[in-house]
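Residue numbers (our numbering): 2 to 167.
Note that the Cβ used here is the ideal one computed from N, Cα and C, for glycine as well.
Values in this document were obtained by computation on a predicted structure and should not be read as measured data.
Read through the structure below, which is laid out as structure tokens, and then see the notes.
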């Protein structure tokens, strides 16, 4: 009986040790994979999560352009519940919703929101794309979409590179 107990204890010890090693290796693999994924995300987004800039020129192009940071998706309008709030330009609440995909801005006008390209006589219906640098007219404002430049990731002093925070 004592010999059988010792054999089973020894077998169980090695099985549990192998299982613990497998769990530790899996955790290490997931940590490295998540770290690489986070580095890719940091390389394409700045510290605030903004991926685009919407420059708003006032009606008649008199005055200074205002710049608004754009997240991956949201809404633009004159009301307080909009992600990008532009007052005094005749924008509804919300005027249009947007989503940034690759290098374009997908715009979906809200009900009653007139969004058009310069040169168009009538407002666009349904979702349409705006490329980087193109202008759109909404309310009394002219808007220009630009992708923001990715922020350089800070390096650790342990990587033997210069560590600086901008």
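Quiz item: By Cβ distance, which residues of its chain are closer than 6 Å to residue 142, with the 5 residues on each side in sequence left out?
Solution: 57, 90
Self-check item: CB of residue 95 within 8 Å of CB of residue 111, strictly
Solution: Taking 8 Å as the Cβ cut-off, residue 95 and residue 111 qualify as a contacting pair.
Quiz item: Over what stretch of residues does the beta strand (DSSP E) that includes residue 110 continue unbroken?
Solution: Here the beta strand (DSSP E) through residue 110 covers 105 to 110.
Exercise. Kindly indicate the opening and closing residues of the beta strand (DSSP E) around residue 138.
Key: DSSP places residue 138 in the uninterrupted beta strand (DSSP E) bounded by 136 to 139.
Self-check item: Own chain partners of residue 127 with C-beta closer than 6 Å, once the 5 adjacent residues on each side are dropped
Solution: none
Self-check item: Extent of the continuous beta strand (DSSP E) to which residue 147 belongs
Solution: 142 to 148
Practice problem: Whole angstroms is fine: what's the gap from residue 117's alpha carbon to residue 139's? | Solution: 7 Å
Quiz item: Which residues bound the beta strand (DSSP E) around residue 102?
Solution: 97 to 102
Quiz item: When burial is assigned at 16 or more other CB atoms within 10 Å of the CB, is residue 36 buried or exposed?
Solution: exposed
Quiz item: Would you report the Cα separation of residue 101 and residue 30, rounded to the nearest angstrom?
Solution: 32 Å
Quiz item: Buried or exposed: which applies to residue 15, given that a residue is buried once 16 or more other Cβ atoms fall within 10 Å of its Cβ?
Solution: It counts as exposed.
Exercise. Could you check if residue 85 is buried or exposed, using at least 16 other CB atoms within 10 Å of its CB as the buried criterion?
Key: buried
Self-check item: Rounded C-alpha distance that separates residue 104 from residue 19
Solution: 48 Å
Quiz item: Which stretch, first to last residue, makes up the beta strand (DSSP E) that contains residue 58?
Solution: DSSP places residue 58 in the uninterrupted beta strand (DSSP E) bounded by 53 to 58.
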